[in-house]
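Participant: In the order they appear, the protein sequences are chains A and Z.
Be aware that the first sequence starts at 210, since it is given in this note's numbering, and climbs by one per residue.
Be aware that the second sequence starts at 22, since it is given in this note's numbering, and climbs by one per residue.
A virtual CB, placed ideally from N, CA and C, is assigned to each residue, including glycine.
These numbers come from a predicted model, not from an experiment.
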Amino acid sequence: MATTPAAEPKTNRIGLTVMEYKGGKTTLCAGCGHNAISERIIEAMYEMGVEPELVIKPSGIGCSSKTPAYFLNRSHSFNAVHGRMPSVATGAMLANRRLVCIGVSGDGDTASIGIGQFIHLMRRNLPIIYIIEDNGVYGLTKGQFSATADLGSKLKSGVLNDLPPIDTCALAVQLGATFVGRSFSGDKRQLGAMLKAAIAHKGTVMLDVVSPCVTFNDHEGSTKSYKYVKEHEEILQDVSFVPSFEDISVEYDPGSTVEVTMHDGSRLHLRKLEEDYDPTDKVRAITRLTEAHDKGEVLTGVFYVNTKAPNFLDMLNMVDQPLATLPESLTRPGREVLEAAMEELR
Amino acid sequence: MATTDVVPQEAGGQLGRKRIVNDMSIQVATVNGSGSQSSNTVLLRSIFQMGVPVSGKNMFPSNIAGLPTWYTIRANKNGYIGRKKEIDFLVAMNPETAQEDTMSLDPGASVLYDEPLALHKLRNDLVFYSVPYDKLVAAVCPEAKLRKLVKNMVYVGVVAQLLEIDMGEVEKAIRKQFAKKLKAANLNMAAAQAGFDYAKANLVKRGAFYIERMNKTAGKIIIDGNSAAALGCMFAGCTVVTWYPITPSSSLVETMIEYMKEHRIGPDGKATFAIVQAEDELAAIGMVIGAGWAGARSMTATAGPGISLMSEFAGLAYYVEVPGVIWDIQRVGPSTGLPTRTSQGDILSTAVLSHGDTKHIMLMPCSVAECFSMAPEAFNLAEQFQTLVFVMSDLDLGMNNWMSDPFEYPTAPINRGKVLRKEDLDKLGGFARYKDVDGDGIGYRTLPGTLHPAAAYFARGSGHNEKAQYSERADDFEKNMERLNRKFETARSFVPRPEIMKGRDAKIGIIGYGTSHWGITESRDQLRDEYGIETDYLRLRAYPFTREVHEFIEQHERVYVVEQNRDAQMLSLIKLDVKPELITRLHSIAHITGLPLDARSITDELTTMEGK
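#1: Over what stretch of residues does the beta strand (DSSP E) that includes Z:V161 continue unbroken?
#2: Can you find the residues in the same chain that come closer than 6 angstroms, C-beta to C-beta, to Z:P153, ignoring five residues on each side of it along the sequence?
#3: Which residues of chain A have a Cβ atom closer than 9 angstroms to the Cβ of Z:R285, listed in chain order?
#4: According to DSSP, which residues form a beta bridge with A:V511?
#5: Looking at the C-beta of Z:R587, does it have a partner C-beta in chain A at a distance below 8 angstroms?
#6: Specify, as a first and last residue, the run of the beta strand (DSSP E) that Z:N422 falls within.
#7: If you reduce the DSSP assignment to three classes, tell me which class A:S453 lands in.
#8: Which term fits Z:P434, buried or exposed, when burial requires 16 or more other beta carbons within 10 angstroms of its beta carbon?
#9: For A:L281, does the count of other Cβ atoms within 10 angstroms reach 16, so buried, or fall short, so exposed?
#10: In its own chain, which residues sit with a C-beta less than 8 angstroms from the C-beta of Z:P427, not counting the 5 before and 5 after it?
#11: I'd like the list of long-range same chain contacts for Z:S67, defined as Cβ closer than 7 angstroms, with 5 residues on each side in sequence excluded.
#12: With DSSP as the reference, identify every bridge partner of A:S321, one or two as the case may be.
#13: Spatial neighbours of Z:E117 within its chain, please: CB distance less than 7 angstroms, with the 5 preceding and 5 following residues excluded, ordered by chain position.
#14: Which residue comes first and which comes last in the alpha helix (DSSP H) that contains A:C310?
#15: Starting from Z:V97, trace the beta strand (DSSP E) both ways and give me its first and last residue.
#16: Does A:R544 come out as helix, strand or coil in the three-state DSSP assignment?
#17: Please classify Z:T556 as buried or exposed, where buried requires at least 16 other C-beta atoms within 10 Å of its C-beta.
#18: DSSP state of Z:Y101, grouped into three classes?
#19: For Z:N501, report the span of its alpha helix (DSSP H) as first-last.
#20: Check whether the segment 252-269 of chain Z touches the segment 309-327 of chain Z, counting contact only when three or more Cβ pairs, one atom from each stretch, lie closer than 8 angstroms.
#21: Output the distance between the C-alpha atoms of Z:N506 and Z:G462, rounded to the nearest integer angstrom.
#22: Ignoring anything shorter than 4 residues, give me the alpha helix (DSSP H) runs that lie fully in the segment 419-445 of chain A, in order along the chain.
#23: Looking at the C-beta of A:S207, does it have a partner C-beta in chain Z at a distance below 8 angstroms?
#24: Is the closest heavy atom of the ligand GDP to the C-beta of Z:P137 under 7 angstroms?
#25: Helix, strand or coil for A:N288, going by three-state DSSP, please let me know.
#26: How many Å lie between A:E552 and Z:E275 at the Cα?
#27: Measuring straight from C-alpha to C-alpha, what distance separates Z:E444 and Z:M522?
#28: What residues in the segment 309-336 of chain A have a beta carbon less than 7 angstroms from any beta carbon of chain Z?
#29: Pull the bridge partners of Z:F149 from the DSSP assignment, please.
#30: Going by DSSP, which residues form a beta bridge with Z:Y564?
#31: Quick check: Z:M643 and Z:N223, are their CB atoms within less than 8 angstroms of each other?
#32: For Z:A113, does the three-state DSSP call read helix, strand or coil?
#33: Is it buried or exposed for A:I340, if we count other Cβ within 10 angstroms and need 16 for buried?
#34: Figure out for me which residue from A:L237, A:Q530 and A:D316 has the closest Cα to the Cα of A:L303.
#35: Answer with yes or no whether the minimum CB distance from A:N282 to chain Z is below 8 angstroms.
#36: Rank Z:V75, Z:P266, Z:H141 and Z:V42 by C-alpha distance to the C-alpha of Z:D245 and give the top, closest one.
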């Protein structure tokens with residue numbers, strides 16, 4: 210029918226179209242915040258020109274952990290057991306340090322059953338982008354509270370939550386994660402910028418993305434509903450990101466921004482809404498998060514960045530080539546080594 | 022001044038005439054943490070260097086310091102190196118257990134004790150030697166704080182003199198033990214010499230036991246099973262090790278770290294491996310699986326409680342089809358059980374570890390040589406079959422010193438299994454991860470990072486079809502489960518075959534595995550020599566069972582399955598596998614004491630069941 214040839218589709222710096230970063234069709238509820246996060250991941254990977262074949266997408270169990278099926282079809286996925294994605298991701302990164310790891314978890318998968326592995330992942334500073342798709346509720350089992358549900362928030366059934374929430378961001382900052390932020394699934398601009406900076410970061414990135422559950426937790430009384438977050442979100446700073454391969458834009462007034470140079474030379478701009486916020490100050494980050502809780506606010510932004518800390522893979526002093534594909538000549542010592550060992554045991 | 026206790030005339034006179042050469046067990050009873058390990062090793066090595074087959078078994082408590090511990094050295098001219106129940110020569114260094122240890126001896130045994138213990142008053146049918154250790158140590162060791170450590174080396178000298186072990190060999194063993202510490206070597210040598218000299222001047226030999234030179238250890242090595250496994254894994258090309266400390270497996274990884282640091286550093290000075298201490302066994306197995314999925318040769322080492330924790334992940338690995346090697350150094354369960362005692366108690370639970378229909382390949386080494394040789398076999402099987410392989414060692418094998426022929430360099434090349442690379446995908450265009458292309462139940466896999474647009478697949482523990490897509494369809498599920506079964510059946514022809522030893526026209530068969538082997542081989546000789554019972558013996562080396570196991574049962578009227586657990590776990594597995602009419606031929610000899618299975622216990626039980 211069409212007689213005019215279609216315009217060449219737009220490609221990124223490695224010559225791929227955005228279509229080549231897409232995943233399968235989502236099976237989550239219409240309007241689920243998780244789907245918006247998948248879209249942002251697709252855009253960020255495309256815009257950053259990441260080779261999809263080098264990406265791995267481990268996840269745990271739950272609605273959140275299904276989402277790797279909905280982005281980056283050309284990347285390997287691993288749906289682990291509940292709460293134990295961090296160990297699988299760690300193992301995979303040990304095997305092949307060239308991989309780019311984007312791990313998807315949920316609030317139940319992270320803050321309850323997976324809290325042990327989460328804690329140890331944070332302290333290792335493994336290069337991984339760890340995303341919590343946080344809706345404060347167990348969706349797949351039809352709506353029980355998770356450990357990130359706020360005190361006093363109400364289930365659809367009317368049950369009140371009487372335990373305080375775990376703040377995964379405060380925890381991550383304290384434990385040693387080197388890039389910690391919180392965003393909202395509906396905030397396209399902020400989340401997009403954070404994800405791009407996350408890709409440039411070589412260490413543990415922990416992003417808690419508040420993502421309302423339209424079926425079980427988007428009602429009056431829920432503190433993770435669209436309405437509540439829109440009314441109570443306090444944005445710490447305006448986040449913007451310039452990849453290393455793009456020209457410096459001068460849209461920011463130097464006096465009002467903090468600039469963080471990422472591992473690959475990219476720059477993360479944090480435009481100060483708050484006068485003296487310093488994203489390298491751990492204590493300040495935790496204080497601000499605690500204060501926000503007390504006020505019933507959802508504080509979003511990049512709370513903490515440390516580009517100097519050594520990451521786990523570097524600490525292990527491994528050869529540059531992935532361990533996975535080392536040839537036998539490098540992994541099996543020669544006969545003389547065995548003979549010498551035997552001689553010592555005689 | 023005579024310190025040798027005079028034993029009653031009758032017993033002493035009789036004992037003095039008897040001469041038992043190169044056939045004895047020496048038990049050293051000490052306090053945990055007193056530094057007796059070096060002395061025991063020196064004594065063991067001295068006998069070994071005399072050419073006499075020897076083994077050493079440490080029976081220790083779950084404790085850092087203060088509780089009683091026993092070390093048993095068995096020297097045997099016939100090469101029996103399994104545990105012997107009877108103690109012939111007791112070195113009583115622990116006041117707390119000295120009386121009970123002495124009372125439990127058979128008549129005619131010798132007791133060497135610290136003078137103040139006055140054990141000679143307890144019995145009159147033993148040979149007693151007493152030594153004033155503190156006095157001797159004070160003379161050779163001016164530094165008071167070192168005396169406690171050196172004291173143990175004194176008994177080595179005394180024992181050497183009493184058993185006629187060459188002091189030249191003792192010195193050689195001490196120099197080897199303290200190879201990098203000349204001062205310590207000299208001090209210990211002086212202590213041993215003081216013991217020897219004291220015994221020579223003051224003790225009158227009355228016991229029957231002697232060590233004489235022979236030539237049965239030439240060229241042999243002494244090593245524990247965990248160190249042998251560590252070496253084996255290094256030569257197996259293992260690249261990722263993740264672990265959580267647990268007795269009795271910790272020394273496997275700790276030794277491996279030392280070997281790897283020495284021999285697995287690449288040309289650029291960087292490691293060709295990663296070893297990570299995980300936060301628990303859940304994480305250790307998760308990392309093994311993540312690494313195996315991404316293409317590394319990955320492993321962990323653990324014990325029963327760790328195996329229990331790994332259960333859920335083991336099922337995931339089975340179903341997602343990820344390779345990995347898990348060493349289970351079995352100890353006594355259930356629960357924390359006896360963490361420093363040996364058993365074969367994880368066999369049944371490991372074979373089917375996890376929920377749903379799950380089956381795992383298990384290898385069962387009986388010797389340090391097999392701890393070494395089964396390591397590369399385990400990794401090859403794991404990658405060939407894209408599944409976990411469990412190597413079922415135990416505390417007796419893993420933590421004790423065993424004599425062995427030197428290990429042979431692995432002959433089989435490293436086999437990475439069915440992995441499609443970019444070039445393969447260029448030709449094929451794509452692949453279906455779980456499709457049985459070759460009819461052996463084993464699909465082709467790709468590794469993350471393979472630079473081909475069709476390389477990726479979705480590894481998931483939920484239902485999936487041939488293309489690794491999510492599926493809850495009944496036919497997809499059934500087909501996949503049947504293929505997994507086919508894969509397991511294929512494994513029967515690839516796992517290590519059993520070792521079969523024949524008697525003369527034997528109607529009785531014995532099936533054993535792992536360290537039960539040593540008691541069984543000795544028991545077979547007892548059965549033949551003492552009862553005229555001929556037996557054939559099949560030593561299992563792997564699960565799933567190969568066809569030889571079925572044939573062996575068919576060939577014998579009665580088959581005794583010997584193992585170290587309460588519930589006859591291997592027997593139960595065999596029952597699941599054989600024709601129903603053969604089940605009545607199977608009988609159990611199952612022992613669970615926490616101590617290595619000895620020959621006499623097997624002989625007694627088997628002869629009773631045979632009505633002898």
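Facilitator: Short version:
#1: Position 140 of the second sequence, counting from 1, holds the residue named residue 161 of chain Z. From DSSP, Z:V161 is part of no beta strand (DSSP E) but of the alpha helix (DSSP H) over Y154 to V161.
#2: Along the second sequence, read from residue 1 onward, the residue named residue 153 of chain Z stands at position 132. E136, listed in sequence order.
#3: Looking up residue 285 of chain Z in the second sequence gives position 264. Near Z:R285 (Cβ distances below 9 angstroms), the residues of chain A are L539, T540 and P542.
#4: Taking the first sequence and counting its residues from 1, one reaches residue 511 of chain A at position 302. DSSP output for A:V511 lists A:G390 as bridge partner(s).
#5: By one-based count along the second sequence, residue 587 of chain Z stands at place 566. Not an interface residue.
#6: Position 401 of the second sequence, counted from the first residue, corresponds to residue 422 of chain Z. It spans N422 to S425 - the beta strand (DSSP E) in which Z:N422 sits, taken as one unbroken run.
#7: Your numbering for residue 453 of chain A matches position 244 in the first sequence. Correct three-state label for A:S453: coil.
#8: Mapped onto the second sequence, residue 434 of chain Z falls at position 413. Result: exposed.
#9: In the first sequence, counting from the first residue as 1, residue 281 of chain A sits at position 72. With 16 or more Cβ atoms within 10 Å of its Cβ, A:L281 is classed as buried.
#10: Mapped onto the second sequence, residue 427 of chain Z falls at position 406. The residues are G240, K241 and I242.
#11: In the second sequence, residue 67 of chain Z corresponds to position 46, counting from 1. Cβ within range, chain order: A181, I186, E190, V191 and A194.
#12: Here the question's residue 321 of chain A lines up with position 112 in the first sequence. For A:S321, which the question treats as bridged, DSSP gives no partner whatsoever.
#13: One-based indexing of the second sequence puts residue 117 of chain Z at position 96. Correct list, in chain order: P89.
#14: Locating residue 310 of chain A in the first sequence gives position 101, where the first residue counts as 1. Note, A:C310: premise wrong, no alpha helix (DSSP H); beta strand (DSSP E) at V309 to G315.
#15: The residue you call residue 97 of chain Z lines up with position 76 of the second sequence. Note on identity: in this sequence residue 97 of chain Z is Asn, with Val being the wrong assignment. Per DSSP, Z:N97 belongs to the beta strand (DSSP E) from P89 to N97.
#16: The count along the first sequence starts at 1 and reaches residue 544 of chain A at position 335. A:R544: helix per DSSP, three-state reduction.
#17: Indexing the second sequence from 1 puts residue 556 of chain Z at position 535. Under this definition Z:T556 is a buried residue.
#18: As a position in the second sequence, residue 101 of chain Z is number 80, starting the count at 1. Note: Z:Y101 maps to coil in three-state DSSP.
#19: Against the second sequence, residue 501 of chain Z aligns to sequence position 480. Residues A495 to A512.
#20: yes
#21: Numbered from its first residue, the second sequence carries residue 506 of chain Z at position 485. Numbered from its first residue, the second sequence carries residue 462 of chain Z at position 441. When rounded, the distance between both Cα atoms is 8 angstroms.
#22: 435-441
#23: As shown, chain A starts at 210 and ends at 555. That puts residue 207 of chain A outside it, with no answer to give.
#24: Ligands displayed in this structure: none; no statement on the ligand GDP is therefore possible.
#25: For the purposes of this step, residue 288 of chain A is taken as the residue at position 79 of the first sequence. In the structure shown, A:N288 sits in a strand (DSSP, three-state: E or B).
#26: Numbered from its first residue, the first sequence carries residue 552 of chain A at position 343. Numbered from its first residue, the second sequence carries residue 275 of chain Z at position 254. One C-alpha to the other measures close to 21 angstroms.
#27: Counting from one through the second sequence, the residue named residue 444 of chain Z turns up at place 423. Counting from one through the second sequence, the residue named residue 522 of chain Z turns up at place 501. If you take the alpha carbons of Z:E444 and Z:M522, they lie about 48 angstroms apart.
#28: G325, Q326 and H329
#29: Position 128 of the second sequence, counted from the first residue, corresponds to residue 149 of chain Z. Z:F149 is bridged to Z:V132.
#30: Position 543 of the second sequence, counting from 1, holds the residue named residue 564 of chain Z. Answer is Z:M383, bridged to Z:Y564.
#31: Nothing about residue 643 of chain Z can be read from this structure; chain Z reaches only from 22 to 633.
#32: Locating residue 113 of chain Z in the second sequence gives position 92, counting from the first residue. Strand at Z:A113.
#33: Taking the first residue of the first sequence as position 1, residue 340 of chain A is located at position 131. Burial call: buried.
#34: Along the first sequence, one-based indexing puts residue 303 of chain A at 94. Checked all of A:L237, A:Q530 and A:D316; the closest Cα to A:L303 is A:Q530.
#35: The residue labelled residue 282 of chain A in the question sits at position 73 within the first sequence. Taking Cβ atoms only, chain Z reaches closer than 8 angstroms to A:N282, which makes this a yes.
#36: If you number the second sequence from 1, residue 245 of chain Z lands on position 224. Here the closest residue by C-alpha is Z:V75.
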